[in-house]
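> For reference, each letter of the sequence shown is one residue, going 177 to 654 in our numbering.
One structure is given below, represented as structure tokens, and several questions about it will come after.
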Amino acid sequence: MPTIVLDNGAYSVKAGVVGQHQDPLIIPNAIVRSKGDKKTYFGHELAQCRDYSSLHFRLPFERGYLVDWDIEKCVWDGIFSDQVLRVDTTQAALLMTEPYFNLPKLQDDCDQLVFEEYEFNSYYRCTPASLIPYGQLFAQPGLPPAECTIVVDSGFSFTHVVPLIDGKIVWNAVKRLDMGGKLLTNHLKELVSFRQWNMMEETYIMNQVKETCCFVSANYKQDIETCRIDPKRNPIVQEYILPDMSTNRKGRVRIPEEPLAESDQILLMNNERFAVPELLFRPDDIGMDQAGIAWTIAHSISLLPADLQGMFWANIGLIGGNTKLPGFRARLLSELQTLAPVEFEVAIYECEDPVTEAYKSACIRASQDGFMSQHAVTRAEYLESGCSAAHRKFRHDWTWATGIQARRYLDAERGKDAKDATAKGSSYSTGTGTSQRVARGKALALAAMKEKDREDDRPQTTTASGAKPTRARSTRRG
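The structure is reproduced here in structure tokens:
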């Protein structure tokens, strides 16, 4: 029986079949409306888009949690279809990731969708960090796996610091920084729109600019001083050629001395290149009352048993898209060394691709003999006990770690007839009602996009990439 792995992130889904896809297929987790060709793309269909200007995204995640199951089902339908994975879900097992501190109601909705809509044979869900100890991030030749580790997961919505002992999350020491890739991209849009082109509606393009041009500064003050000099002699400045929707569809960094065509539109990236990622280390720059990522890690370790803290300082691993930024590891190591006690060694582990590390670790975990048969919930168990079957199997979840909340939740579940609860409380019961609900969700999503298009469809001066010019301003900072 094939096992499907879904690393279900807020920005993208990393999907594949264990044993078939060593590297996952990365699918946008969104419904996207293009103002250029007036088409709507569901998940994997975005690759067919030919005009990336003014894309309007509708995400199933809000503030890091999955709340719009109609959109999510549209994305999953495409992933399981013959166009992507080509799998029969009724004859497959599923291993998927969920957000940290996921709410019980959202967990129940997910269980219902998996078993009642897709009818998976068996199913296991967990957080991304709980899979990392079984992967290659901390592996060292000739040495046993580390017993105490810290996983820094910096993703689209948040950055989490997750300590683990023997592969089990220590929930009382897990810390969250309300800083992720979405906030960084939005901040970059505001900076560029104030200084050069109005890019407030160009989220997709500016996300590409961020991933291509930005880096983490090793010496912020020194780099700021460097940016004050003439841009022609400034080694930090990069010129980004905006997409023209013909020969240069996605945009690119201009090679030095490369001749420019008349139609080329330049976005000058000066101190924006490092000022945006700096927010991960200094959230107070934009008024956030939170500590930076280094202080958050130090605080998390301080909550762990004193005799184990040295092991945690020596086993810090990085996953998530933000950790791919050049200079991220070096800057974090430098700051942590100033915070760690002198008797402890600080070591940070990074992988080749932190975006797909959770998926690869999940594949290793799922391929271990007996794992899915022992730990997964089967469809038969779900049909017999409903969501309570998942509650019993997934006791590693944070609601169980808090004790009182777990008992209250179970007390509320006891006394209910599982079949009645499933029939009355399920948002995803099988049959005609489900098809009508999904169709209605699609119609509402498309109607909202069309309404926004009508509001924005007014004469205005635009560039070839869809960016609207603003009053010229110098990119030099005082």
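For every residue, glycine included, the Cβ atom is placed at its ideal position computed from N, Cα and C.
If you follow the beta strand (DSSP E) that Pro414 is part of, which residue opens it and which one closes it?
The question names Pro, but residue 414 in the sequence shown is Gln. It spans 414-417 - the beta strand (DSSP E) in which Gln414 sits, taken as one unbroken run.
> Quick check on the DSSP output: the beta strand (DSSP E) that includes Met445 runs from which residue to which?
442-445 is the extent of the beta strand (DSSP E) around Met445.
> Output the boundary residues of the alpha helix (DSSP H) element that contains Val251.
That run of the alpha helix (DSSP H) goes 245-256.
> Going by beta carbon distance, what residues of the same chain come within less than 7 Å of Tyr535, once the five residues before and after it are set aside?
Correct list, in chain order: Val181, Asp183, Lys190, Gly192, Pro200.
> Along the beta strand (DSSP E) that carries Asn348, what are the first and last residues, could you check?
Careful: Asn348 lies outside any beta strand (DSSP E) and carries neither H nor E.
> According to DSSP, what are the bridge partners of Ile202?
For Ile202, which the question treats as bridged, DSSP gives the partners Lys190.
> Going by the beta-carbon positions, is the gap between Leu494 and Pro530 smaller than 7 Å?
For Leu494 and Pro530, yes; Cβs fall inside 7 Å.
> In whole angstroms, give me the CA-to-CA distance for Ala597 and Ser564.
Low local confidence applies: a pLDDT of 43 at Ala597 is under 50, so the model's placement there is unreliable, with the coordinate-based value given in what follows. Whole-angstrom Cα-Cα distance: 10 Å.
> Going straight from the alpha carbon of Ser369 to that of Met375, what length do you get?
Roughly 5 Å separates the two Cα atoms.
> Okay, do the stretch 444-459 and the stretch 352-365 touch, 3+ Cβ pairs below 8 Å being the bar?
Yes: at least three Cβ pairs fall under 8 Å.
> With which residues is Val263 paired in a DSSP beta bridge?
Answer is none; Val263 lacks a bridge partner.
> Hey, quick one: how far does the alpha helix (DSSP H) through Pro339 stretch, first residue to last?
Run containing Pro339: none in the alpha helix (DSSP H); it sits in the beta strand (DSSP E), 335-341.
> Applying the criterion that 16 or more other CB atoms from any shown protein chain within 10 Å of the CB defines a buried residue, is Arg301 buried or exposed?
It counts as buried.
> Can you tell me the Cα-Cα spacing of Gly212 and Asp227, whole angstroms?
Roughly 6 Å between the two C-alpha positions.
> With respect to the beta strand (DSSP E) encompassing Leu494, which residues constitute its N-terminal and C-terminal limits?
Per DSSP, Leu494 belongs to the beta strand (DSSP E) from 492-495.
> Going straight from the alpha carbon of Leu289 to that of Leu456, what length do you get?
Those two C-alpha atoms are separated by around 35 Å.
> From Arg555, Pro419, Gly331, Pro435, pick the residue whose C-alpha is nearest to that of Leu443; which is it?
Comparing Cα positions, the closest option is Pro419.
> Suppose you measure from the CA of Ile524 to the CA of Gly503; what does that come to, to the nearest Å?
In a straight line, the C-alpha of Ile524 is about 13 Å away from that of Gly503.
> Just how far apart, CA to CA, sit Trp252 and Val327?
Approximately 28 Å between the Cα atoms of the pair.
> For Tyr604, count neighbouring Cβ atoms within 10 angstroms of its own Cβ and tell me buried if that reaches 16, exposed if not.
With a pLDDT of 40 at Tyr604, under the threshold of 50, the modelled position of that residue is not reliable, and the figure given next carries that caveat. That one is buried.
> Please tell me whether Glu521 and Ala474 are closer than 7 Å, where the distance is taken between their beta carbons.
It is not a contact, given that the beta carbons lie outside the stated cut-off.
> In three-state DSSP terms, what is Leu214?
The residue you asked about is not Leu; residue 214 is Lys in the sequence shown. In this structure, Lys214 counts as coil in the three-state DSSP scheme.
> Measuring only the C-alpha atoms, how far is Met487 from Cys324?
Cα to Cα, Met487 sits roughly 6 Å from Cys324.
> Is Ser306 near Ile341, with beta carbons less than 7 Å apart?
Not closer than 7 Å, so no.
> Among Arg568, Asn498, Glu528, Glu560, which has the Cα closest to the Cα of His336?
Cα-wise, what sits closest to His336 is Asn498.
> Please determine, among Thr216, Tyr558, Glu526, His567, the residue with the shortest C-alpha to C-alpha distance to Ile308.
Checking every option, the nearest Cα to that of Ile308 belongs to Glu526.
> Would DSSP call His567 helix, strand or coil?
It is helical.
> From which residue to which residue does the alpha helix (DSSP H) around Ala538 run?
533-543 is the extent of the alpha helix (DSSP H) around Ala538.
> Spatial neighbours of His220 within its chain, please: CB distance less than 6 Å, with the 5 preceding and 5 following residues excluded, ordered by chain position.
Same-chain partners within the cutoff: Ile203, Gly254, Val260.
> Would you verify that the beta carbon of Phe237 is, or is not, closer than 7 Å to some beta carbon of chain B?
The chain inventory of the structure shown lacks chain B, comprising one protein chain alone.
> Which residues does DSSP list as the beta-bridge partners of Ala269?
Ala269 pairs with Thr179, Ser298.
> Could you tell me the alpha carbon to alpha carbon distance between Lys249 and Val263, rounded to whole angstroms?
Cα to Cα, the separation comes out at about 15 Å.
> Use the C-beta contact count for Ile381: other C-beta atoms within 10 angstroms, 16 or more gives buried, fewer gives exposed.
Buried, since its Cβ has 16 or more Cβ neighbours within 10 Å.
> Look up Asn184 in the DSSP assignment and give the residues it is bridged to.
According to DSSP, Asn184 bridges with Val189.
> Could you give the residue range of the alpha helix (DSSP H) that holds Ile326?
Premise fails: Ile326 lies in the beta strand (DSSP E), 324-330, not in any alpha helix (DSSP H).
> If I'm right that Gly427 touches Ile412 with Cβ under 8 Å, what's the distance once you round it to whole angstroms?
Contact doesn't hold; Cβ gap of about 19 Å is too wide.
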